[in-house]
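When we follow the working numbering, the leftmost residue of the sequence shown carries the number 1350, and every step to the right adds one.
Every residue, glycine too, gets a C-beta built ideally from N, C-alpha and C.
Each remark here refers to the structure printed beneath this line.
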Amino acid sequence: MTKATNSPADPKVATDDIVSRVLHRDGLMLIIDKPAGIPVHRGPRNSRDKSGVALEDSFDALRFGLPRPPVLAHRLDRDTSGCLVLGRHRKALAALGRLFKSGRIGKSYWAMVAGGPAQEEGRIELPLGRKDATRGWWMKHDPAGRPAVTTWKVMGRTQAVAAPSDSPRLAWLALEPVTGRTHQLRVHCAAMGWPIVGDSIYGAAPRMQTPGLQLHAREIVVPLYNNRAPIRVSAPVPPHMQQLLRACGWRGEASAE
């Protein structure tokens, strides 16, 4: 398993800082540790992002001798941190695109959720559709929408103060999206009654919530080469998630070795 040794930096990643976020590098792809709070690509400026800055603005520093910078092979939400895959050239990007489309790439996310499920593991099968035409990226559970499947497992829990011992306040979940719909994990968790902590769209968090969305793309597994084992990469837990994770039993990166 490949891991970063550096701790995540400020969300406003500078060009000369992006190289320190490389978790894996080979001839076809890069996997980088995306910081929370910055979009992967440029979009319309809004109340939350007046700068128009995007992570891909710094990709020229990741050419590593190739004539062109790498290109995003998939997306992560602005406020989600962790493993992000880039294709280093056109042929590699096409191969990665096929793997993502066919569901052959394994993805595991860590999330802190409010309340939490009563069971220890399970599967969510709730189709998703657009919430309304004016908010194109906002989604909702829609029986007529596209199929969406997520599996989950409880990694730890914290108990509410002055509450019965069987009444969890927060839960640390490992989430695996079987499908890859927009905002799938966030909508699925909210629809189940345990929204992700810090979610200002599908949860109850204020728009400028601190410490922010508690969702991290912890691990990705890419079967890119036919005659080699799949490439397995994990991203270090960002600082804004460490306190709540520790409250649920996480003992730091050293314990994951």
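Query raised in the report: DSSP three-state call for L1296: helix, strand or coil?
Result: In the structure as shown, the chain starts at 1350 and stops at 1606, and residue 1296 therefore has no counterpart that could be examined.
Requested in this report: Would you give the residue range spanned by the alpha helix (DSSP H) that G1446 belongs to?
Outcome: For the purposes of this step, residue 1446 is identified with residue 97 of the sequence shown, where counting begins at 1. Where G1446 is concerned, the enclosing alpha helix (DSSP H) stretches over 1439-1450.
Query - contact_flag[the region 1416-1432, the region 1375-1389] where n(CB pairs < 8 Å) is 3 or more - result: yes
Requested in this report: Could you spell out where the alpha helix (DSSP H) holding V1536 opens and where it closes?
Outcome: The sequence position of residue 1536 within the sequence shown is 187, counting from 1. Run containing V1536: 1533-1540, per the alpha helix (DSSP H) assignment.
Requested in this report: Could you spell out the range, first to last residue, of the alpha helix (DSSP H) harbouring H1589?
Outcome: Residue mapping note: residue 1589 aligns to position 240 of the sequence shown, counting from 1. It spans 1588-1596 - the alpha helix (DSSP H) in which H1589 sits, taken as one unbroken run.
Query raised in the report: Which term fits A1443, buried or exposed, when burial requires 16 or more other beta carbons within 10 angstroms of its beta carbon?
Result: The residue given as residue 1443 occupies position 94 in the sequence shown. It is exposed - the Cβ of A1443 has fewer than 16 other Cβ atoms within 10 Å.
Report task. From the DSSP output, in three-state form, read off P1513 for me. Result -> Within the sequence shown, numbered from 1, the residue matching residue 1513 stands at position 164. Because the pLDDT of P1513 is 48, which lies under 50, any placement of that residue in the model is unreliable, and the question is left without a value.
**Report entry** At least 3 beta-carbon pairs within less than 8 Å: the region 1595-1603 vs the region 1466-1481
**Finding:** no
Report task. Would you be able to state if there are at least three C-beta pairs under 8 Å between the region 1560-1575 and the region 1401-1413? Result -> Contact between the region 1401-1413 and the region 1560-1575 is absent: fewer than three C-beta pairs spanning the two stretches fall below 8 Å.
Query - Which listed residue (D1406, Y1458, R1506, C1538) has its alpha carbon closest to that of P1587 - result: Taking the first residue of the sequence shown as position 1, residue 1587 is located at position 238. The shortest C-alpha separation from P1587 is found at Y1458.
Requested in this report: To the nearest angstrom, report how far apart M1378 and A1422 are at their CA atoms.
Outcome: Here residue 1378 refers to the residue found at position 29 of the sequence shown. Here residue 1422 refers to the residue found at position 73 of the sequence shown. Approximately 9 Å between the Cα atoms of the pair.
Query raised in the report: Across which residues does DSSP place H1373 in a beta bridge pair?
Result: Here the question's residue 1373 lines up with position 24 in the sequence shown. Paired residue(s): I1380.
Query raised in the report: For L1435, which residues of its own chain have a beta-carbon under 8 Å away from its beta-carbon, when the five flanking residues on both sides are left out?
Result: Walking along the sequence shown from the start, residue 1435 turns up at place 86. Correct list, in chain order: M1378, L1379, I1380, I1381, F1408, L1411, P1419, V1420, L1421, A1422.
Report task. Could you tell me the boundaries of the beta strand (DSSP E) in which V1546 lies? Result -> As a working mapping, residue 1546 is identified with position 197 in the sequence shown. No beta strand (DSSP E) holds V1546; DSSP gives it neither H nor E.
Query raised in the report: Got a sec? Which residues, its chain only, sit under 6 Å from Q1533 by beta carbon, not counting five neighbours each side?
Result: Residue numbering aside, residue 1533 sits at position 184 when the sequence shown is read from its first letter. Correct list, in chain order: A1497, P1526.
Query raised in the report: So, helix, strand or coil for A1463, using DSSP?
Result: Along the sequence shown, one-based indexing puts residue 1463 at 114. Three-state result, A1463: strand.
Report task. Could you give the DSSP three-state label for L1435: helix, strand or coil? Result -> Counting from one through the sequence shown, the residue named residue 1435 turns up at place 86. Three-state DSSP puts L1435 in a strand.
Query raised in the report: Around the Cβ of Y1574, are there at least 16 other Cβ atoms within 10 angstroms (buried) or fewer (exposed)?
Result: Reading the sequence shown from its first residue, position 225 is the one you call residue 1574. Looking at its Cβ environment, which holds fewer than 16 other Cβ atoms inside 10 Å, Y1574 is exposed.
Report task. Determine the burial state of G1452: buried for a count of at least 16 other Cβ atoms within 10 Å of its Cβ, exposed for fewer. Result -> Within the sequence shown, residue 1452 is the residue found at index 103, counting from 1. Counting Cβ neighbours within 10 Å, G1452 comes out exposed, since fewer than 16 surround it.
Requested in this report: Output the distance between the C-alpha atoms of P1585 and A1441, rounded to the nearest integer angstrom.
Outcome: For the purposes of this step, residue 1585 is identified with residue 236 of the sequence shown, where counting begins at 1. For the purposes of this step, residue 1441 is identified with residue 92 of the sequence shown, where counting begins at 1. Whole-angstrom Cα-Cα distance: 26 Å.
Query raised in the report: Exposed or buried, which one is V1571 when buried takes at least 16 other CB atoms within 10 Å?
Result: One-based indexing of the sequence shown puts residue 1571 at position 222. V1571 is buried by the Cβ-count criterion.
Query raised in the report: CB W1501 to CB L1524, shorter than 8 Å?
Result: Stepping through the sequence shown from its first residue, residue 1501 is reached at position 152. Stepping through the sequence shown from its first residue, residue 1524 is reached at position 175. In this structure, L1524 lies closer than 8 Å to W1501 by Cβ.
Report task. With DSSP as the reference, label A1603 as helix, strand or coil. Result -> The residue you call residue 1603 lines up with position 254 of the sequence shown. The answer is helix: DSSP assigns A1603 an H, G or I state.
Report task. With a threshold of 16 other CB atoms inside 10 Å of the CB of R1577, please say whether the residue is buried or exposed. Result -> Along the sequence shown, read from residue 1 onward, the residue named residue 1577 stands at position 228. Taking all protein chains in view, the Cβ of R1577 is surrounded by fewer than 16 other Cβ atoms within 10 Å, so the residue is classified as exposed.
**Report entry** According to DSSP, residues forming a beta bridge with R1495
**Finding:** What you label residue 1495 is simply residue 146 of the sequence shown in a count that begins at 1. Looking at the DSSP assignment, R1495 forms a beta bridge with L1477.
Requested in this report: Go through its chain and collect everything with a Cβ distance to G1478's Cβ below 6 Å, but skip five positions before and after it.
Outcome: Looking up residue 1478 in the sequence shown gives position 129. The residues are D1491, G1494.
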